[in-house]
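Undergrad: First, the structure itself, so that you have it in front of you.
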Amino acid sequence: MKVQGKMFLGLAVFLLATAIVYGAWSKEPVGTTGLFLAFGLAVMIGYYLAFTARRVDAGAQDNKEAEVADDAGEVGFFSPHSWQPLALGLGAAFGFLGVAFGWWLVFISAPLLFVGLFGWVFEYYHGENRTQ
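When the sequence shown is numbered by the numbering used here, its final residue is 197 and no position is left out of the sequence of numbers.
Written as structure tokens, this is what we have:
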């Protein structure tokens with residue numbers, strides 16, 4: 066994590082310099098504010114990663130002699146047969162289309178989002194995939 070923290074802190078320095086130069090040359094407040102906000106976000110992420118790197122064991126990315134396979138391992142559990150992301154994706158698509166074309170589409174998207182989210186959360190609490 067030390068490498069990622071240094072990368073984000075380096076990005077923060079670059080964004081700060083860019084924000085100062087852009088603000089001095091352009092006199093445009095919106096872009097300057099956006100760059101300063103991006104600087105603040107990079108500082109927060111870089112500080113968190115650098116702070117957390119001291120508390121956890123060194124990862125493979127911190128070892129210059131490490132191989133790619135040294136960082137291999139289980140990423141997480143992904144349900145191979147779930148239809149719930151389709152409902153969530155359709156609900157989100159209709160929701161964003163509702164913002165663009167008409168708010169009536171939000172009334173179609175809300176039930177899809179609720180059904181998809183409820184189904185995804187409680188997917189392994191009922192039926193043949195029930196876990197102990």
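Glycine residues also receive a C-beta, built at the ideal position from the N, C-alpha and C atoms. Bear in mind the structure is a predicted one, so any value in this text is a computation, not a measurement.
(1) Where Lys129 and Gly70 are concerned, what is the direct C-alpha to C-alpha distance, given to the nearest angstrom?
(2) Determine contact between the region 159 to 179 and the region 134 to 141, defined as no fewer than three beta-carbon pairs at a distance below 8 Å.
(3) Out of Phe183, Gly124, Trp148, Phe104, state which residue places its alpha-carbon closest to the alpha-carbon of Leu76.
(4) By a C-beta neighbour count over all protein chains shown, 10 Å radius and 16 as the cutoff for buried, is Thr97 buried or exposed?
(5) How many Å lie between Leu100 and Ile110 at the Cα?
(6) Around the Cβ of Gly154, are there at least 16 other Cβ atoms within 10 angstroms (buried) or fewer (exposed)?
(7) In this structure, how does DSSP classify Ile135 when only helix, strand and coil are distinguished?
(8) Is the separation between the beta-carbon of Ala152 and that of Leu170 shorter than 8 Å?
(9) Given a threshold of 16 other Cβ atoms within 10 Å of its Cβ, counted over all protein chains shown, does Leu80 qualify as buried or as exposed?
TA: The structure says:
(1) 16 Å
(2) no
(3) Phe104
(4) buried
(5) 15 Å
(6) exposed
(7) Per the sequence shown, residue 135 should be read as Asp rather than Ile. Three-state DSSP puts Asp135 in a helix.
(8) no
(9) buried
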